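Accompanying notes for the structure given below.
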Amino acid sequence: MSNKIFGNDIKYADYLESVELDIYEAEFVEAGITEEKISEMFERYPVLVPEEKLKELKIRLIEVKPF
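Residue numbers are given in the working numbering: position 42 of the sequence shown equals residue 42, and the series is strictly consecutive.
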């Protein structure tokens, strides 16, 4: 069994780029993880899409699928 995410991580890089977040390689967690480690990861890796980018994406989605 492989620890690699199917798709060679390209889908994550595409997503991060599309929402203007820095591209990074995620850490693989094999066993349990502490709350402290989770907090460290949230501080180290960008997780929130900028508000303006989110608004732009919503508008563009509604334009192509207005239902």
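All C-beta atoms in this analysis are idealised placements derived from N, C-alpha and C, irrespective of residue type, glycine included. Please read all numbers here as calculations on a predicted model, not as lab measurements.
My output table needs one value for residue i: the three-state DSSP class, helix, strand or coil.
i: residue 22; result: coil
i: residue 58; result: helix
i: residue 15; result: helix
Throw me the rounded Cβ distance for the residue i and residue j pair, which I believe falls under 8 Å.
i: residue 24; j: residue 45; result: 6 Å
Compute the distance between the beta-carbons of residue i and residue j, then report whether it is under 8 Å.
i: residue 20; j: residue 53; result: yes
i: residue 41; j: residue 27; result: yes
Got a sec? Which residues, its chain only, sit under 8 Å from residue i by beta carbon, not counting five neighbours each side?
i: residue 17; result: 23
If you drop the 5 nearest sequence neighbours on each side, which residues of the same chain put their C-beta closer than 7 Å to that of residue i?
i: residue 50; result: 20
i: residue 13; result: 23
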